[in-house]
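**Student:**
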Amino acid sequence: MTSRHDQEFADYIAVRLEALRRLAFLLCQDWHRADDLAQAAAIKAYTHWARAERADNTDAYVNAILVREFLHERRTGWARRVRLTEPPEIMTSAADQDGSLDLRAAVAALPPRQRSVLVLRFYCDLTVYQTADALGCTTGTVKSQTAKALDSLRRAMGGAAQAGPGGNPATHVIGIPAAEGTEFHA
Amino acid sequence: MLEQSLRKLFQQQAEQAPPPGRVTVAQVLRQGRLRRRRHRIGAVGAPVLAASAALAVALSGALPSGILGRTGPQAVGYGRLAGGAFDPSYLAIMFGWLPKDTVVAGGMTSPAHEQIAANPTRRENWALNAYPRDVCHAITAERRFRCWPGMFPAHSTISITGRGPLIEGHGSWWLSGSSPGTAPRWLGLAWTYAPHAWAIVQNAFGLSGAATAVRIARGAEFGQHIAFRFASRFTSLPRGWQIIGLDFSGDYDAANGIPAGVYLAEDYNIADPGTISQATLQQGNFGTTSPDVPYISVNPVITGTQHCVVVNGTKTIAVTTRHVTIHGYRFVSQQQTPKHGHVQSYLSLCGGNVDGLTVNVDELAAGVHPHLALPPLQVMERLQLLGANPADWVTNPLP
Chain A
0 MTSRHDQEFA DYIAVRLEAL RRLAFLLCQD WHRADDLAQA AAIKAYTHWA RAERADNTDA
60 YVNAILVREF LHERRTGWAR RVRLTEPPEI MTSAADQDGS LDLRAAVAAL PPRQRSVLVL
120 RFYCDLTVYQ TADALGCTTG TVKSQTAKAL DSLRRAMGGA AQAGPGGNPA THVIGIPAAE
180 GTEFHA
Chain B
0 MLEQSLRKLF QQQAEQAPPP GRVTVAQVLR QGRLRRRRHR IGAVGAPVLA ASAALAVALS
60 GALPSGILGR TGPQAVGYGR LAGGAFDPSY LAIMFGWLPK DTVVAGGMTS PAHEQIAANP
120 TRRENWALNA YPRDVCHAIT AERRFRCWPG MFPAHSTISI TGRGPLIEGH GSWWLSGSSP
180 GTAPRWLGLA WTYAPHAWAI VQNAFGLSGA ATAVRIARGA EFGQHIAFRF ASRFTSLPRG
240 WQIIGLDFSG DYDAANGIPA GVYLAEDYNI ADPGTISQAT LQQGNFGTTS PDVPYISVNP
300 VITGTQHCVV VNGTKTIAVT TRHVTIHGYR FVSQQQTPKH GHVQSYLSLC GGNVDGLTVN
360 VDELAAGVHP HLALPPLQVM ERLQLLGANP ADWVTNPLP
């Protein structure tokens, strides 16, 4: 560390890093990628710290960095570091009888932008205006993306309900969709 | 109903016990510093490098050798950066006294500026800065203190708030620095340690600690010749290429296995100072016509292996990717040309056989027709990695 800038940032990010990880996980549904995203967002926040700490809500500012980083990575995604092993499968448990796994799978299958909108609105509890600000789009886009996402979820959940809770054993083992791209091992 | 289920799901997912995180604050800070340095050098303006290079060209030979830093055979070998400018390969300043429980955290060197910072264990963050002759000026009539562009954050103002005590027989000035629209944010004490050459002791954390600042200033040591340690070295380089700046870590990294008193050069830049034109420097717009500046980071402190994957990119930017094996290490070489015309070339180390060593060789070149005189691949081919054992590190990475 070489300055007050670093110290202030370190104090801030030490407290916020875990929350960033969790938010990143909700966006990408993968803890490994969540680590990468949280780190990328934190580094970007570091380089823009002067602006971030002047923001009305520093947490919201950094969250927005993370969400945009997620979307940017998905959009351009020309290079990134990822795991070399497949993500662990999520097994159903006896306590998981409320269809949350189906919902989880449906959320994971949403396009990134729609998933981001849902996370910002229903996890971060942002308003339409705040969500639009975080995503850098219009309020109309937020509304339409929300509507489309909810519609997709309803359709997906409806399909799952029709299959029945125990109808197809395959529905009880839900793998997180593998990352796009070509992995290579050393 | 669905909205409630979503809230519940997100809450459950967020509250579930996550696996141990791989990201640490120290790691973020290190990478952030690398990124910030990259920005400094890249297209946005590169103030520090511009000022450094400006000094290299404009003041070459104009400064009496020996007023700063080291003298002797090494300085002669430094070519166009000889004279009063610092040799970034060595640390010329050192704290002679520091508050209790405070250790050297690290710092940076360039021909026009050296800084060594002490990591605070309390709410003070002390940095000792030194500048060669004529880089900074005290304009007492205006109560302003000015340095070359890039020495301080853009648009910041440094005010002289009063006369300070004598430091080694020289007058001093109290400074306060701030950014536009903010209250004074840091305290400084500036004095000339050599004719027209200024030093500043700075509490970057606030306006307190005047007595401590005076004591640090009176203990400051100049003309040191402290070698850094490099975890890599070049087997060859084009004639004239020099280290033009580096960031180093200090005793703060003792917990990472680096012996006390060993200053590790975490990342550094090499360039041929002769390729930087005077016109570019005078315009203060380094980014538009600058030559390429390879950026080399060989950091054994950041542990873990980088695993890389190439993702199909969109067609909005041109990306060229190829895989290469150099010295038995597998790399992915990527070059992208964003819309704004800058070329960025990256060489990333990928593979499982280099745990404990992070290597990046980035090259940022700017302009409509950038010339990549020493592309990252060639840098890597000429670079010998020395591993994570401090005993294997060298004090001079140049051939």
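Same order as they appear, the protein sequences are chains A and B.
Heads up: the first sequence is residues 0 to 185, going by numbering that gives the first Met the number 0.
Heads up: the second sequence is residues 0 to 398, going by numbering that gives the first Met the number 0.
Think of the CB as a built atom: it goes at the ideal place given N, C-alpha and C, for glycine as much as any other residue.
1) Residues of the region 17 to 36 of chain B in Cβ contact with chain A at a cutoff of 9 Å, in chain order, please.
2) Out of B:P18, B:S4, B:V24, B:F9, state which residue places its alpha-carbon closest to the alpha-carbon of E7 (chain A).
3) Residues of chain A with CB closer than 7 Å to the CB of N268 (chain B), please, in chain order.
4) Are A226 (chain B) and W392 (chain B) close, meaning C-beta to C-beta below 8 Å?
5) Using only alpha-carbon positions, find the residue among B:P237, B:A198, B:A259 that is nearest to I269 (chain B).
6) In the DSSP assignment, the beta strand (DSSP E) including L385 (chain B) goes from what residue to what residue?
7) Can you grab the Cα-Cα spacing for the pair T138 (chain A) / K7 (chain B), in whole Å?
8) Using the C-alpha atoms, what's the distance from A108 (chain A) back to S143 (chain A)?
9) Alpha carbon to alpha carbon, how far is D10 (chain A) from I199 (chain B)? Give it in angstroms, no decimals.
10) Give the straight-line distance between the Cα atoms of A399 (chain B) and H31 (chain A), rounded to the nearest whole angstrom.
11) Within the 8 Å Cβ cut-off, does A34 (chain A) reach chain B?
12) Kindly indicate which residue of A:Y128, A:D55, A:F24 has the alpha-carbon position closest to the one of T140 (chain A).
13) Nearest to V323 (chain B) by CA position, among B:Q377, B:A126, B:W173, B:V134, is which residue?
14) Per DSSP, W172 (chain B) forms a beta bridge with which residues?
15) When you compare the region 95 to 102 of chain B with the region 126 to 144 of chain B, are there three or more beta-carbon pairs, one atom per stretch, that lie closer than 8 Å?
16) Using a Cβ-Cβ distance under 8 Å, would T46 (chain A) count as near chain B?
17) Round the Cβ separation of E265 (chain B) and D246 (chain B) to the nearest angstrom and send it over; I've been treating them as touching at under 8 Å.
18) Using a beta-carbon distance below 8 Å, is Y128 (chain A) in contact with chain B?
19) Can you pull the DSSP bridge partners for I103 (chain B)?
20) Name the one or two DSSP bridge partners that N128 (chain B) has.
21) Between S4 (chain B) and chain A, is the shortest Cβ-Cβ distance under 8 Å, so that the two count as touching?
22) So is E113 (chain B) buried or exposed if we call it buried at 16+ other beta carbons inside 10 Å?
23) If you run the structure through DSSP and keep just helix, strand and coil, what is G139 (chain A)?
24) Report the rounded CA-to-CA distance for H47 (chain A) versus Q26 (chain B), giving the unit in angstroms.
25) What residue does the alpha helix (DSSP H) around L134 (chain A) start on, and which one ends it?
26) Starting from L149 (chain A), find everything on chain B with Cβ-Cβ shorter than 7 Å and list it in chain order.
27) May I have the straight-line CA-CA distance separating H195 (chain B) from A137 (chain B), to the nearest angstrom?
28) Measuring only between beta-carbons, confirm whether F69 (chain A) sits less than 8 Å from chain B.
29) Examine chain B for any beta-carbon lying closer than 8 Å to the beta-carbon of I42 (chain A), and answer yes or no.
30) Answer yes if the region 10 to 24 of chain A comes into contact with the region 59 to 73 of chain A, meaning at least three C-beta pairs across the two stretches below 8 Å, and no otherwise.
31) Along chain A, in chain order, which residues have C-beta atoms closer than 7 Å to that of F9 (chain B)?
32) Cβ-heavy atom distance between A212 (chain B) and the ligand NAD below 7 Å?
33) For a test of the three-state rule: what should DSSP assign to T211 (chain B), helix, strand or coil?
34) Would you mind giving the Cβ-Cβ distance between L384 (chain B) and F233 (chain B), rounded to the nearest angstrom? I have them listed as a contact below 8 Å.
35) Assign P87 (chain B) to buried or exposed, taking buried as 16 or more other Cβ atoms, counted over all protein chains shown, within 10 Å of its Cβ.
36) Whose CA, out of B:N128, B:P110, B:G105, lies closest to the CA of N118 (chain B)?
**Tutor:** Reading off the structure:
1) Cβ contacts with chain A come from P17, P18, G20, R21, V22, T23, V24, A25, Q26, V27, L28, Q30, G31, R32, L33, R34, R35.
2) Of all alpha-carbon atoms in B:P18, B:S4, B:V24, B:F9, the one lying nearest the alpha-carbon of E7 (chain A) is that of B:V24.
3) Near N268 (chain B) there are no residues of chain A at all, since even the closest Cβ is about 17 Å away, more than 7 Å.
4) Against a cut-off of 8 Å, the Cβ pair of W392 (chain B) and A226 (chain B) comes out as no contact.
5) Closest by alpha carbon: B:P237.
6) Unbroken run through L385 (chain B): none, as it is neither H nor E.
7) Take the alpha-carbon of T138 (chain A) and the one of K7 (chain B): they are about 25 Å apart.
8) S143 (chain A) and A108 (chain A) have their C-alpha atoms roughly 18 Å apart.
9) Take the alpha-carbon of I199 (chain B) and the one of D10 (chain A): they are about 26 Å apart.
10) Residue 399 (chain B) lies beyond the range of chain B shown here (0 to 398); nothing can be said about it.
11) The identity of residue 34 (chain A) in the sequence shown is Asp, whereas the question assumes Ala. Taking 8 Å as the CB threshold, D34 (chain A) lines the interface with chain B.
12) Taking only the C-alpha atoms, the option nearest T140 (chain A) is A:Y128.
13) The residue from B:Q377, B:A126, B:W173, B:V134 with its alpha-carbon nearest to that of V323 (chain B) is B:Q377.
14) Beta-bridge pairing links W172 (chain B) to B:R162, B:A189.
15) Contact between the region 95 to 102 of chain B and the region 126 to 144 of chain B is absent, because fewer than three Cβ pairs lie under 8 Å.
16) Judged by the 8 Å Cβ criterion, T46 (chain A) is in contact with chain B.
17) For E265 (chain B) against D246 (chain B), the beta-carbon gap comes to about 5 Å, under 8 Å, which counts as contact.
18) Look at Y128 (chain A): its C-beta is not under 8 Å from any C-beta on chain B.
19) Note that residue 103 (chain B) is Val in the sequence shown here, rather than Ile. DSSP lists B:A117 as partners of V103 (chain B).
20) Per the DSSP secondary-structure output, N128 (chain B) pairs in a beta bridge with B:Q114, B:I199.
21) Chain A, which has a Cβ nearer than 8 Å to the Cβ of S4 (chain B), makes this yes.
22) Buried, since its Cβ has 16 or more Cβ neighbours within 10 Å.
23) G139 (chain A) carries a helical assignment under DSSP once its states are collapsed to helix, strand and coil.
24) A direct Cα-Cα distance of roughly 17 Å separates H47 (chain A) from Q26 (chain B).
25) Note, L134 (chain A): alpha helix (DSSP H), 127 to 134.
26) L1, listed in chain order.
27) Roughly 10 Å separates the two Cα atoms.
28) Not closer than 8 Å to any Cβ of chain B, the Cβ of F69 (chain A) fails to qualify, so no.
29) Yes, because at least one Cβ of chain B sits closer than 8 Å to the Cβ of I42 (chain A).
30) Touching, per the Cβ criterion.
31) For F9 (chain B), the chain A residues whose Cβ falls inside 7 Å of its Cβ are L25, V118, F121, Y122, in order along the chain.
32) Because no ligand of any kind appears in the structure shown, any question about the ligand NAD cannot be addressed here.
33) Helix.
34) With a Cβ gap of about 11 Å, L384 (chain B) and F233 (chain B) do not count as contacting.
35) Buried, by the Cβ-count rule.
36) For N118 (chain B), the nearest C-alpha among the options comes from B:G105.
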